[in-house]
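Participant:
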């Protein structure tokens, strides 16, 4: 082969050429990049940031209440009873001279634990029922949905009162009663998402590709149905805090002198004229936490749309 033929052959040799760089906008984004892109708009919302800060402070107070106060929540001082809010006692004192701000902080532990237990029970049970009903269908779906309809027909507070009366008083029974009452919402939401997702083309392609029903459920259906369920869990977490506080207000929660938000509000109802802060400030703190959770859930719902 002559020199001219070799040069001509090398010009058509594709193995020696360098591949053109792929433009940055065409490269697949990593999961971390997608997460940053989704959360970046949230940082420009002051309402969302304030709500998140409020929830984080509440969770820290539930875990480490001693970080925010040096008072003993159960130490009584009759000479300092019913003091108004001031520099030494930010929320004032109750009828036994106990620092009310400290008791609200320590009450976050019982209230948050009860709400987490209630939402965890409802999430686990409702998720299982919704998956079975939506994925299997048929008579099993009809049977589960009829049971859910019966639970939805009963008022949530009335159902919780019946359950807590049957199993006993205390924080755990109250949490179980509230959790049973919010199971139908999780079951119906999960079922609706499973019914929507299991008919999408990529799920049918996975089945045609030989994937089992279990693999299809775990790899394709559940990850895509998780978003609305988590939004509902955030909403129901605030509702669970409110419901457990309501049952504690009625006397079904932890026994005195345990600090629980509903119990604190109930103890101050006898002093609404002379010392309104005993009920007002714990109630205001409770309302701020529930509103913050609702705002976070609504923001996540708007982003998903």
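In my numbering, the protein residues as written are 3 to 307. All residues carry an ideal CB built from backbone N, CA and C; glycine is no exception.
#1: Three or more C-beta pairs under 8 Å: does that hold for the stretch 243-250 against the stretch 133-146?
#2: Could you check what DSSP says for residue 101 in three-state terms: helix, strand or coil?
#3: On the CB-based measure, 16 or more other CB atoms within 10 Å of its CB, does residue 283 come out buried or exposed?
#4: Which residue from 250, 89, 65, 256 puts its Cα closest to that of residue 264?
#5: Got a sec, what are the start and stop residues for the alpha helix (DSSP H) residue 225 sits in?
#6: What separation, rounded to the nearest whole angstrom, lies between the Cα atoms of residue 187 and residue 298?
#7: Would you mind reading off the limits of the alpha helix (DSSP H) that contains residue 63?
#8: For residue 152, count neighbouring Cβ atoms within 10 angstroms of its own Cβ and tell me buried if that reaches 16, exposed if not.
#9: Can the beta-carbon of residue 119 be found closer than 7 Å to that of residue 155?
#10: Do you know how far the Cα of residue 277 is from the Cα of residue 87?
#11: Going by alpha carbons, who is nearest to residue 75 out of 259, 51, 292?
#12: According to DSSP, simplified to helix, strand and coil, what is residue 78?
#13: Per the contact definition of three or more C-beta pairs closer than 8 Å, is the stretch 227-240 in contact with the stretch 91-107?
#14: Count the C-beta pairs between the stretch 178-198 and the stretch 122-130 that are closer than 8 Å, then say yes if the count reaches three, no if not.
#15: Where does residue 58 land, buried or exposed, given buried means 16+ other C-beta within 10 angstroms?
#16: Can you tell me the Cα-Cα spacing of residue 242 and residue 211, whole angstroms?
#17: Measure the beta-carbon distance from residue 146 to residue 131 and round it to whole angstroms, keeping in mind my assumption that it falls under 8 Å.
#18: Of all the options 296, 300, 269, 275, which has the alpha carbon lying nearest to the alpha carbon of residue 285?
Facilitator: According to the data block:
#1: Result no; under three Cβ-Cβ pairs closer than 8 Å.
#2: In this structure, residue 101 counts as strand in the three-state DSSP scheme.
#3: Residue 283 sits buried, since 16 or more C-beta atoms from the chains shown fall within 10 Å of its C-beta.
#4: It is 250.
#5: It spans 224-251 - the alpha helix (DSSP H) in which residue 225 sits, taken as one unbroken run.
#6: The straight-line gap from Cα to Cα measures roughly 19 Å.
#7: Looking at the DSSP string, the run of the alpha helix (DSSP H) that includes residue 63 is 48-65.
#8: It counts as exposed.
#9: With a cutoff of 7 Å on beta-carbon distance, residue 119 and residue 155 are scored as not near each other.
#10: Approximately 10 Å between the Cα atoms of the pair.
#11: Check the Cα spacing between residue 75 and each of 259, 51, 292: the tightest is with 259.
#12: If DSSP states are grouped into helix, strand and coil, residue 78 belongs with coil.
#13: Short answer: they don't touch.
#14: They touch, by the three-pair rule.
#15: Looking at its Cβ environment, which holds fewer than 16 other Cβ atoms inside 10 Å, residue 58 is exposed.
#16: Going from the Cα of residue 242 to the Cα of residue 211 covers about 43 Å.
#17: 5 Å between Cβ atoms; contact.
#18: The shortest Cα separation from residue 285 among 296, 300, 269, 275 belongs to 269.
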